[in-house]
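**Student:**
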Amino acid sequence: MVRTRFAPSPTGYLHIGGVRTALFNWLFARRHGGRFILRIDDTDQERNLDEALEPILRGFRWLGIDWDEGPGVEGAHGPYFQSRRGNLYQEAVDKLVEAGQAYHDYATPEEVQAEREAAQAAKRRFVYSRRCMADTPERRRELEAQGRQGVVRLKMPRDGACRFTDAIRGEMAFEWAAEQDHVIQRADGSCLYHLASVVDDHHMAISHVIRAEEHLSNTPRQIFIARGLGYDLPAYAHLPFVAEPGSRTKLSKRKLDKYLKHADFARVAEHGRAIAEALGLSMAPETFSPVVVDFYQRTGYLPDALVNALLLLGWALDDRTEIFTRQEMIDAFSLERVSKSPASFDPRKLWAFQSRYMQALSVAERANHARPFLEAAGLLPSPAPAEARRTLEAVVEAAGDRIVVAGDILEYAGFFMEDAALPYDEKAFEKRLRRPPEAADLLAGFRDRLAGLEPFTAASVEEALNAFTAERGVKIGQVIHALRVALTGKGVGFGLFEAAAILGRGRCVSRIDRALARLEPGGGSAGA
RNA sequence: GGCGCUAUCGUCUAGGGGUUAGGACGGGUGGUUCUCAGCCAUCAAACCGGGGUUCGAAUCCCCGUAGCGCUACCA
């Protein structure tokens, strides 16, 4: 039975690199009919657990990465919170000490550090002298009588090598002597990560440990612990890092400001921020970032697009397949095809996936994705009346592939506003209405045509405009750009005739009148 | 400092003793449209360096170099 796991710390946000690791674990479990376990690494019990965990679970749910055991899904191997498994760790520590694979040690951190520095100065590898090792009760009492605090250290072998097979990197060999006598239990009785991780993996019957490359060098000490406890070893697979955009450095959640200097990242972040602002959300910059899953959820990306992009970060099927449905990726996934070198996360490539996935949806589906954004912005009541829904679908259809993420609907907010509330892009207003001397006259003339136009459709408006420009002997561009600004407030947008048809005769006339009034001396040109 | 992992276009990658080194993103140019987006066509762009093995190396081996990781009473 294949059983894989992902063990996030409750940090308050789900990081894109972590999701990639979780995804590969999930895919591997699903591929082999196994189970995917979510285990919460909450040994630092400093913050409010629920508050710190919720965004992580929400992110996984949104992405469709479901867990078979973990928070909210009880199984035979719980509890799934490390903070509640202390008894198992203590048991393991005792067993290791009893078996002579670990020992109580009473050296102060300063004493150990001094040895470490001496070794470095001599350009030797550091090997602890075990000067304060206490392997008998008498020795323990003696050292404790000196007022020393004890920890438990691993008694690592000092000869030979640790060999294991990594499913991605092949045969590995590490000199045992390079390993430290790592502390597994602190003076206060709490246990450290490596011990807890090995114990939990065993008790949760994890068959494949699939994790990031940073743990490759940690594997020997974990194997030592597992063997000391008499556990069967899981299979290991060490994934390449997810690196920063445009670099080979490990992606870190701490360095948002640095990523924002990268042009591609900045662009995506800026786009997301504009959507958040249109929604009136005040987002904390440290979590509203393109390295955090929440960013994509809030700006209206499709989970399938994000998952697809993440899939290709360190894995490829062949020389051309890029688009995978969830089932296709489950069927195709294998550890053998995971690459060994770090992959840097490219938000522009994700954007391209998003664009493709969005365009593959029907108008009704895209409208469904977009509607919550208009509601959140206060532009559409919830539930929306039938007429508003028709307008929404018409806008979505006309906008076509201009709506890449669902939040892009807010670019078309003007269609959902009162005429009197329509904001103008001042530069466009200046260029298309104020500066061309004939603009006001042409617009006024065409307004009267529209006022009597029947029926009022995209085709009839186009016909009317063609007739009008022919009569006046002007080019179509002399009217159309001015009209666009008058109707939508913007200099760019989708087809103008479609825009007019969506607004309808009354609103078109009203918006033209408002723009014309604004053109007159003293006509609301303040701030221009 | 020690130990380890890694190295193909700017980015993600395919290939893996003989290839015009393939695809995608991004970029350039031309076309189409009322603007924008798109779409179509087209172009540029890579095997880290040095040695070896071999008839032949980007591919195998060694050495460098670089990046990253581990070297914590962090995870």
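Residue numbers for the first sequence follow the working numbering, so the first one is -1 and each next one is one higher.
A virtual CB, placed ideally from N, CA and C, is assigned to each residue, including glycine.
Computed from a predicted model, the values in this text were never measured in an experiment.
What distance in whole Å lies between the Cβ atoms of G489 and P421, which are believed to be in contact at a cut-off of 8 Å?
**Tutor:** As a working note, residue 421 is residue 423 in the first sequence. As a working note, residue 489 is residue 491 in the first sequence. Contact flag wrong, Cβ pair sits at about 13 Å.
**Student:** Taking the beta carbon of G525 as the centre, do at least 16 other beta carbons fall within 10 Å, making it buried, or is it exposed?
**Tutor:** Against the first sequence, residue 525 aligns to sequence position 527. Confidence at G525 is low in this model, with a pLDDT of 39, below 50, so its placement is unreliable and the value that follows should be read with caution. G525 comes out exposed.
**Student:** Tell me which residues share the same chain as Q118 and place their Cβ nearer than 8 Å to its Cβ, disregarding the 5 neighbours each side in the sequence.
**Tutor:** In the first sequence, residue 118 corresponds to position 120, counting from 1. Closer than 8 Å at Cβ, skipping near neighbours: F124.
**Student:** At what residues does the beta strand (DSSP E) containing L214 begin and finish?
**Tutor:** Here residue 214 is taken as the residue at index 216 of the first sequence, counted from 1. It is not in any beta strand (DSSP E) - L214 carries neither H nor E in the DSSP assignment.
**Student:** Roughly how many whole angstroms lie between the Cα atoms of W349 and A358?
**Tutor:** By one-based count along the first sequence, residue 349 stands at place 351. By one-based count along the first sequence, residue 358 stands at place 360. So the two alpha carbons sit approximately 14 Å from each other.
**Student:** Does the segment 65 to 79 come close enough to the segment 32 to 44 that 3 or more CB-CB pairs lie under 8 Å?
**Tutor:** Contact holds: three or more Cβ-Cβ distances are below 8 Å.
**Student:** Roughly how many angstroms separate the alpha carbons of V472 and I478, rounded to a whole number?
**Tutor:** For the purposes of this step, residue 472 is taken as residue 474 along the first sequence, with counting starting at 1. For the purposes of this step, residue 478 is taken as residue 480 along the first sequence, with counting starting at 1. V472 and I478: Cα-Cα distance of roughly 11 Å.
**Student:** Report buried or exposed for K121, applying the criterion of at least 16 other Cβ atoms within 10 angstroms of its Cβ.
**Tutor:** For the purposes of this step, residue 121 is identified with residue 123 of the first sequence, where counting begins at 1. Its Cβ having fewer than 16 others within 10 Å, K121 is exposed.
**Student:** Taking Cβ to Cβ, would you say A404 is nearer than 8 Å to A375?
**Tutor:** Numbered from its first residue, the first sequence carries residue 404 at position 406. Numbered from its first residue, the first sequence carries residue 375 at position 377. Contact flag unset, no.
**Student:** Three or more beta-carbon pairs under 8 Å between the segment 93 to 101 and the segment 56 to 69, yes or no?
**Tutor:** no
**Student:** Terminal residues of the continuous alpha helix (DSSP H) containing Q144?
**Tutor:** Residue 144 sits at position 146 when you count from the first residue of the first sequence. That residue, Q144, is in no alpha helix (DSSP H); it is neither H nor E in DSSP.
**Student:** Starting from G168 and walking both ways along the beta strand (DSSP E), at which residues does that stretch end?
**Tutor:** To locate residue 168, count along the first sequence from 1; it is residue 170. G168 to E173 is the extent of the beta strand (DSSP E) around G168.
**Student:** Which stretch, first to last residue, makes up the alpha helix (DSSP H) that contains L485?
**Tutor:** Counted from its first residue, the first sequence places residue 485 at position 487. Here the alpha helix (DSSP H) through L485 covers I474 to T486.
**Student:** Alpha carbon to alpha carbon, how far is G443 from R482?
**Tutor:** Position 445 of the first sequence, counted from the start, is the residue given in the question as residue 443. Position 484 of the first sequence, counted from the start, is the residue given in the question as residue 482. Approximately 15 Å, taken between the alpha carbons.
**Student:** Where A194 and F343 are concerned, what is the direct C-alpha to C-alpha distance, given to the nearest angstrom?
**Tutor:** Numbered from 1 along the first sequence, position 196 holds the residue referred to as residue 194. Numbered from 1 along the first sequence, position 345 holds the residue referred to as residue 343. When rounded, the distance between both Cα atoms is 31 Å.
**Student:** Using only the alpha-carbon positions, how far apart do P379 and F371 sit?
**Tutor:** Within the first sequence, the letter at position 381 stands for residue 379. Within the first sequence, the letter at position 373 stands for residue 371. Distance between the alpha carbons of P379 and F371: 11 Å.
**Student:** Counting pairs of Cβ atoms below 8 Å between the segment 151 to 166 and the segment 176 to 183, do you hit three or more?
**Tutor:** They touch, by the three-pair rule.
**Student:** Expressed to the nearest angstrom, what Euclidean distance is found between the alpha-carbon atoms of A307 and V394?
**Tutor:** Here residue 307 refers to the residue found at position 309 of the first sequence. Here residue 394 refers to the residue found at position 396 of the first sequence. So the alpha carbons of these two residues sit roughly 25 Å apart.
**Student:** Can you give me the start and stop residues for the beta strand (DSSP E) that F4 sits inside?
**Tutor:** Here residue 4 refers to the residue found at position 6 of the first sequence. Note, F4: beta strand (DSSP E), R1 to F4.
**Student:** By the three-class DSSP mapping on this structure, what secondary structure does I63 have?
**Tutor:** Here residue 63 refers to the residue found at position 65 of the first sequence. I63: coil per DSSP, three-state reduction.
**Student:** Could you give the distance in angstroms between the alpha-carbon of A438 and the alpha-carbon of A513?
**Tutor:** In the first sequence, residue 438 corresponds to position 440, counting from 1. In the first sequence, residue 513 corresponds to position 515, counting from 1. A438 and A513: Cα-Cα distance of roughly 9 Å.
**Student:** Are the CB atoms of L12 and G62 within a distance shorter than 8 Å?
**Tutor:** Stepping through the first sequence from its first residue, residue 62 is reached at position 64. Stepping through the first sequence from its first residue, residue 12 is reached at position 14. The Cβ atoms of G62 and L12 do not sit closer than 8 Å to each other.
**Student:** Within 10 angstroms of its Cβ, does D446 collect 16 or more other Cβ (buried), or is it exposed?
**Tutor:** Translated into positions along the first sequence, residue 446 becomes position 448. By the 10 Å Cβ count, D446 comes out exposed.
**Student:** Quick check: is any heavy atom of the ligand GDP less than 7 Å from the C-beta of A465?
**Tutor:** Ligands are entirely absent from the displayed structure, and the ligand GDP is therefore not among its contents.
**Student:** On the three-state DSSP scale, how would you describe C541?
**Tutor:** Since the first residue shown for the chain is -1 and the last is 526, residue 541 is missing from the structure and cannot be characterised.
**Student:** Between P107 and the rest of its own chain, which residues show a CB-CB distance below 8 Å, the 5 nearest in sequence each way excluded?
**Tutor:** Within the first sequence, residue 107 is the residue found at index 109, counting from 1. Answer for P107: no residue qualifies.
**Student:** A105: which of R83, L86 and R129 sits nearest, CA to CA?
**Tutor:** Position 107 of the first sequence, counting from 1, holds the residue named residue 105. Restricting attention to R83, L86 and R129, the CA atom closest to the CA of A105 is found in R129.
**Student:** Is DSSP giving G57 helix, strand or coil here?
**Tutor:** Translated into positions along the first sequence, residue 57 becomes position 59. The answer is helix: DSSP assigns G57 an H, G or I state.
**Student:** Can you round the beta-carbon distance between A449 and V507 to whole angstroms, since I take them to be within the 8 Å contact cut?
**Tutor:** For the purposes of this step, residue 449 is identified with residue 451 of the first sequence, where counting begins at 1. For the purposes of this step, residue 507 is identified with residue 509 of the first sequence, where counting begins at 1. Under the criterion of beta carbons closer than 8 Å, A449 and V507 qualify as touching, at roughly 5 Å.
**Student:** Suppose the cutoff is 7 Å on Cβ atoms and the five residues either side in sequence are ignored; what does the same chain contact list for E173 look like?
**Tutor:** Your numbering for residue 173 matches position 175 in the first sequence. Closer than 7 Å at the Cβ level, and outside the excluded window around E173, lie A159.
**Student:** Provide the residue(s) that pair with F454 in DSSP beta bridges, ordered along the chain.
**Tutor:** Along the first sequence, read from residue 1 onward, the residue named residue 454 stands at position 456. None, per the DSSP bridge assignment.
**Student:** Is V0 near H206, with beta carbons less than 8 Å apart?
**Tutor:** Locating residue 0 in the first sequence gives position 2, where the first residue counts as 1. Locating residue 206 in the first sequence gives position 208, where the first residue counts as 1. Their beta carbons are under 8 Å apart, which means V0 touches H206 by this criterion.
**Student:** For A224, I'd like the list of residues in its chain whose CB is within less than 6 Å of its CB, leaving aside the five on either flank, ordered along the chain.
**Tutor:** By 1-based counting over the first sequence, the position of residue 224 is 226. Around A224: V196 and L231.
**Student:** Pull up the distance between the alpha-carbon of L501 and that of F413, whole angstroms please.
**Tutor:** Sequence index remark: in the first sequence, residue 501 carries index 503 (1-based). Sequence index remark: in the first sequence, residue 413 carries index 415 (1-based). The straight-line gap from Cα to Cα measures roughly 7 Å.
**Student:** State buried or exposed for A267, treating a residue as buried only when at least 16 other CB atoms are found within 10 Å of its CB.
**Tutor:** By 1-based counting over the first sequence, the position of residue 267 is 269. The residue is buried, with at least 16 neighbouring Cβ atoms inside 10 Å.
**Student:** I35 lies in the alpha helix (DSSP H); which residues open and close that run?
**Tutor:** The residue labelled residue 35 in the question sits at position 37 within the first sequence. Counting along the chain, I35 falls outside any alpha helix (DSSP H), though it belongs to the beta strand (DSSP E) covering R33 to L36.
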